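As numbered in full-length UniProt numbering, residues 1 to 138 make up the sequence shown, in order.
For every residue, glycine included, the Cβ atom is placed at its ideal position computed from N, Cα and C.
Just so it is clear, the structure is predicted and the values come from calculations on it, not from any experiment.
What follows is a set of notes on a single structure, which appears directly below.
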Amino acid sequence: MAPTSCSLNNCIICHELLLEEQACCLSCGHVFHSPCIRIWMKGKRKCPICQKGVTVQGIRKLYFTREEGECQCSTAIVRGQKLEIERLKRLLSGSKIQNEMLGKQIDACDTEKRRLMDQLQRKETEIAKMTNKMCVIM
Numbered sequence: 001m002a003p004t005s006c007s008l009n010n011c012i013i014c015h016e017l018l019l020e021e022q023a024c025c026l027s028c029g030h031v032f033h034s035p036c037i038r039i040w041m042k043g044k045r046k047c048p049i050c051q052k053g054v055t056v057q058g059i060r061k062l063y064f065t066r067e068e069g070e071c072q073c074s075t076a077i078v079r080g081q082k083l084e085i086e087r088l089k090r091l092l093s094g095s096k097i098q099n100e101m102l103g104k105q106i107d108a109c110d111t112e113k114r115r116l117m118d119q120l121q122r123k124e125t126e127i128a129k130m131t132n133k134m135c136v137i138m
């Protein structure tokens with residue numbers, strides 16, 4: 001069976017799921033989102049994959065023939081991926097908050113370390129002075 005909208009292919013430019021509504025190909029045969037390749041071609045006139053020279057006129061919209069039920073498959077995949085994206089966004093947000101809190105803890109530990117190092121330096125200086133006094137007395 002030929003690949004359909006149910007296959008999980010991503011646009012190489014934006015790295016998002018390549019849905020057939022926006023699918024197009026270049027004369028070299030590589031497939032992208034139509035908006036992505038049009039923006040790409042404003043700056044470059046080469047295929048992002050094979051570097052073959054291409055023109056805007058060479059962009060062709062793709063039309064897929066699907067069997068009944070495949071649309072439901074595609075919709076379910078997209079819905080599942082959107083839910084996964086939301087879950088990952090929440091996870092990332094929680095990780096950013098945790099990272100910020102840990103950064104503050106590190107700063108507090110660094111401050112405490114500097115304070116203790118200063119205190120140690122003063123004590124070592126005090127001990128050295130006392131040792132010198134003892135040597136002079138003896």
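Check: Using CA coordinates, which residue listed in Ile-97, Arg-60, Asp-107 is at the minimum distance from Cys-25?; Outcome: Arg-60
Check: Run through DSSP, which three-state label would Lys-61 get?; Outcome: strand
Check: Could you give the distance in angstroms between the alpha-carbon of Thr-75 and the alpha-carbon of Gly-53?; Outcome: 35 Å
Check: So, under 8 Å CB-CB, Cys-50 and Cys-36 are touching, yes? Tell me the CB distance rounded to an integer number of Å.; Outcome: Between Cys-36 and Cys-50 the Cβ distance is about 16 Å, and since that is not below 8 Å, they are no contact.
Check: When DSSP labels each residue in this structure, what does Leu-18 get in the three-state scheme?; Outcome: coil
Check: Could you confirm whether any beta carbon from chain B is found closer than 8 Å to the beta carbon of Ile-127?; Outcome: No chain B appears in this structure, which consists of one protein chain only.
Check: Just the C-alpha distance for Gln-81 and Ala-23, rounded to the nearest angstrom, thanks.; Outcome: 18 Å
Check: To the nearest angstrom, how far is the alpha carbon of His-15 from that of Ile-39?; Outcome: 15 Å
Check: Could you give the first and the last residue of the continuous alpha helix (DSSP H) run that contains Cys-36?; Outcome: 34-43
Check: Look up Ala-128 in the DSSP assignment and give the residues it is bridged to.; Outcome: DSSP lists no partner for Ala-128.
Check: Taking DSSP as the reference, what is the three-state secondary structure of Cys-47?; Outcome: coil
Check: Excluding five sequence neighbours on each side, which residues of the same chain lie with their C-beta closer than 8 Å to the C-beta of Leu-120?; Outcome: none
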